[in-house]
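If you count by mature numbering (1 follows the signal peptide of the UniProt record, and there is no 0), then the sequence shown holds residues -28 to -1, 1 to 200, one letter each, in order. The beta carbon of each residue, even a glycine, is placed where N, CA and C say it ideally should be.
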Amino acid sequence: MANLSRPSLPSCLCSFLLLLLHVSSSYTGQFRVIGPGHPILALVGDEAELPCRISPGMNATGMEVGWYRSPFSRVVHLYRNGKDQVGEQAPEYRGRTELLKDGIGEGKVTLKIRNVRFPDEGGFTCFFRDHSYQEEAAIQLQVEDPFYWVSPGVLVLLAVLPVLLLQITVGLVFLCLQHRLRGKLRAEIENLHRTFETFGVLGPQVKEPKKKGQFIEELILHLEALSG
Ligand SMILES: *[C@@H]1O[C@H](CO)[C@@H](O)[C@H](O)[C@H]1NC(C)=O
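See below:
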């Protein structure tokens, strides 16, 4: 009976610690950190937005929120005590980041990185820290060059192509004009030939259809013979 009414000191201490642990865990609240779940795509020189939130959603205004990345856990952006801690940023991200805190009351934030560069490509870790409880999520950033296809070969082709197209066009126009001119000339010569034929100037040898060149040559010879 005495044992029941007066519990031993170790068991009492143990209960107290358990109670304390329970209170503290329910006080800090446990949450998960959720990233976008897919790689974020950004173009060189453009902006990238890396969203991150806690679940269940709760007011994270008083929490520590940050982004860091390998190697050596370099700080990309840090928010603590209600302020952006610019002084703790790695130099390569100074002045290039902005934490969008519109949804921080529901535990949602987005890190904006301006003027994205190729070294920004890779993994980022976003974390939320409430007292001693911390959770994090991984985010992948993919950086693409909008002019990746511009190689020296392509540049040469781009420079040569208009000239080449112009030459082809001029050539085609020339051929077309030549063809039409030749057709006209042929018609006129044939006309002339018929006229001469009716007057019996030409012999019967040009009555048959012949090759154009030969025909013209013969006609010229005849004309020369006539004039001479
Ligand atoms: C979140 O907490 C801050 C202070 O800790 C308070 O000013 C703000 O109104 C709260 N936001 C919401 C949505 O509860």
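Requested in this report: Check the DSSP bridge columns for Leu15 and list the partner residues they point to.
Outcome: The bridge partners DSSP lists for Leu15 are Glu116.
**Report entry** Closer than 8 angstroms: Glu78 CB and nearest ligand 1 heavy atom
**Finding:** The answer is yes for Glu78.
Query raised in the report: Taking one C-beta from the stretch 123 to 141 and one from the stretch 59 to 76 each time, how about it: are there three or more such pairs within less than 8 angstroms?
Result: The stretch 123 to 141 vs the stretch 59 to 76: no contact.
Query raised in the report: For Thr97, which of helix, strand or coil comes out of DSSP?
Result: Strand at Thr97.
Query raised in the report: At a cut-off of 8 angstroms, is Thr97 close to ligand 1 when judged by its beta-carbon and the heavy atoms of the ligand?
Result: If you check the C-beta of Thr97 against ligand 1, you find no heavy atom less than 8 angstroms away.
Query raised in the report: Exposed or buried, what is Ala39 when buried is set at 16 or more other beta-carbons lying within 10 Å of its beta-carbon?
Result: The question names Ala, but residue 39 in the sequence shown is Trp. Answer is buried; the Cβ neighbour count reaches 16.
Query raised in the report: Do Arg86 and Thr97 have their CB atoms nearer than 9 angstroms?
Result: Result no, Cβ atoms of Arg86 and Thr97 do not sit closer than 9 angstroms.
Query - Cβ-Cβ separation, Leu15 to Glu116 (assumed contact under 8 angstroms), whole Å - result: The beta-carbon distance between Glu116 and Leu15, rounded to whole angstroms, is 6 angstroms. This is short enough to meet the 8 angstroms contact definition.
Query raised in the report: Quick one: does the C-beta of Thr33 sit closer than 8 angstroms to a heavy atom of ligand 1?
Result: The beta carbon of Thr33 sits closer than 8 angstroms to at least one heavy atom of ligand 1.
Query - Those residues which DSSP pairs with Gln106 across a bridge - result: Answer by DSSP bridge pairing, in chain order: Arg101.
Query raised in the report: Rounded to the nearest angstrom, how far is the Cβ of Arg101 from that of Glu36, given a contact under 8 angstroms?
Result: The pair is a contact, with the Cβ atoms about 4 angstroms apart (cut-off 8 angstroms).
Query raised in the report: Is the Cβ-Cβ distance between Thr64 and Arg46 less than 9 angstroms?
Result: In the sequence as displayed, the identity of residue 64 is Glu instead of Thr. Yes, the pair counts as a contact, with Cβ atoms nearer than the cut-off.
Report task. Evaluate Phe3 with the Cβ neighbour count: other Cβ atoms within 10 Å of its Cβ, from every protein chain shown; 16 or more gives buried, anything less gives exposed. Result -> Per the 10 Å Cβ criterion, buried.
Query raised in the report: Using the beta-carbon count (16 or more within 10 Å), is Ile89 buried or exposed?
Result: Checking the displayed sequence, the identity of residue 89 turns out to be Arg instead of Ile. Exposure of Arg89 is indicated by the presence of fewer than 16 other C-beta atoms within 10 angstroms of its C-beta.
Query raised in the report: Around the Cβ of Arg166, are there at least 16 other Cβ atoms within 10 angstroms (buried) or fewer (exposed)?
Result: Counting Cβ neighbours within 10 Å, Arg166 comes out exposed, since fewer than 16 surround it.
Query raised in the report: At what residues does the alpha helix (DSSP H) containing Thr33 begin and finish?
Result: Note, Thr33: premise wrong, no alpha helix (DSSP H); not H, not E.
**Report entry** Of the residues Lys80, Leu149 and Asn163, the one placed nearest Phe99, counting alpha carbons only
**Finding:** Answer by Cα proximity: Lys80.
Query - Coil, strand or helix - Ala20 by DSSP - result: Ala20 falls in the strand class under three-state DSSP.
Requested in this report: With a 10 Å radius around its C-beta and 16 neighbouring C-beta atoms as the bar for buried, classify Tyr120 as buried or exposed.
Outcome: Per the 10 Å Cβ criterion, exposed.
Requested in this report: Report back the beta-carbon spacing between Ser27 and Ile12 to the nearest angstrom; my notes put them in contact at under 8 angstroms.
Outcome: Taking 8 angstroms as the upper bound for CB-CB distance, Ser27 and Ile12 are not in contact here, some 19 angstroms apart.
**Report entry** Boundaries of the alpha helix (DSSP H) in which Ile161 is found, first to last residue
**Finding:** From DSSP, the alpha helix (DSSP H) with Ile161 extends over Pro124 to Thr170.
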